[in-house]
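First the structure, in the form of structure tokens, and then the observations on it.
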Amino acid sequence: MTNTALIPSALIGAVASARSMTPMATIASARLAGRSTPGKLVLLDHPLFKFGALAMGIGELLGDKMKTAPDRTVFLGLLARIASAGIAGAALAPRGREKAGASVAIATAVPLAYLTLAGRKRAMIKFGQTPSGLVEDALVVAAGVATIAFFTRQPWGARG
476 MTNTALIPSA LIGAVASARS MTPMATIASA RLAGRSTPGK LVLLDHPLFK
526 FGALAMGIGE LLGDKMKTAP DRTVFLGLLA RIASAGIAGA ALAPRGREKA
576 GASVAIATAV PLAYLTLAGR KRAMIKFGQT PSGLVEDALV VAAGVATIAF
626 FTRQPWGARG
């Protein structure tokens, strides 16, 4: 097995760098749609996890536009990114390589959080908080959905 097998984990880590809850919300959506992930994580099948992840993902998208929203690099923001990227990265890793997938996703999410924050701050100066946030939301959600759609499997016998 090559290291390219962990590319999905790195991609979902990049998503977590900008929106900490989007990886979990996209994984939860995929699981609710009956799609399976390569990595085995029992947590992903718990209804409380699925609906909680969706609610937190929506809440984050709404809350990010508030003037009181903290930077993504504050302690709790980084902690949320580590948790979300780790779980989603493990889920997207090949079976038996979940720990490596989690590590790759976290190692991608944390440094990129500083880079995406710098880009967002520049965009906020030029376009304002809400417009820049909406564009960032669209890009990040699209990247998360594309990653999950491409690297999860439909249930056996499903047509797409």
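So for the sequence shown, this note's numbering puts the first residue at 476; every next one is plus one. From the three backbone atoms N, C-alpha and C, an ideal C-beta is built for every residue, glycine too.
Inset, instruction - Compute the Euclidean distance between the alpha carbons of Glu611 and Phe524, then round it to the nearest angstrom. - result: 25 angstroms
Legend entry - Residue(s) in a DSSP beta bridge with Arg628: Ser511
Legend entry - Inter-residue CB distance, Ala563 and Ile502 (contact presumed, cutoff 8 angstroms): 5 angstroms
Inset, instruction - Decide if Pro586 is buried, meaning its Cβ has at least 16 other Cβ atoms within 10 Å, or exposed. - result: exposed
Inset, instruction - Ignore the nearest five residues each way along the sequence and tell me which others in Ala618's own chain have a CB closer than 6 angstroms to its CB. - result: Val490
Legend entry - Three-state class that DSSP yields for Ser495 in the structure shown: coil
Legend entry - Straight-line Cα distance separating Gly509 from Asp520: 10 angstroms
Inset, instruction - Can you give me the start and stop residues for the alpha helix (DSSP H) that Leu516 sits inside? - result: Premise fails: Leu516 is in no alpha helix (DSSP H) and is neither H nor E.
Inset, instruction - Evaluate the contact criterion for the segment 576 to 594 versus the segment 550 to 564: three or more CB pairs, one atom per stretch, below 8 angstroms. - result: yes
Inset, instruction - Using only alpha-carbon positions, find the residue among Leu554, Ala480 and Pro522 that is nearest to Ala500. - result: Pro522
Inset, instruction - With DSSP collapsed to three states, give me the class of Met541. - result: coil
Legend entry - Assigned secondary structure, Pro569 (DSSP; H/G/I helix, E/B strand, else coil): coil
Inset, instruction - Classify Thr583 as buried or exposed, calling it buried when 16 or more other Cβ atoms lie within 10 Å of its own Cβ. - result: buried
Inset, instruction - Ignore the nearest five residues each way along the sequence and tell me which others in Asp546's own chain have a CB closer than 8 angstroms to its CB. - result: Gly552 and Leu592
Inset, instruction - Enumerate in chain order the residues of its own chain whose CB-to-CB distance from Ser495 is below 6 angstroms, with the five nearest sequence positions on each side excluded. - result: Ala555, Arg556 and Ser559
Inset, instruction - Give me the Cβ distance between Gly636 and Ile581, rounded to the nearest whole Å; I'm assuming they're in contact under 8 angstroms. - result: Past the edges of the chain, shown from 476 to 635, lies residue 636, and the structure says nothing about it.
Legend entry - Sequence-distant residues of the same chain with beta carbon closer than 6 angstroms to Ser511, five excluded per side: Arg628
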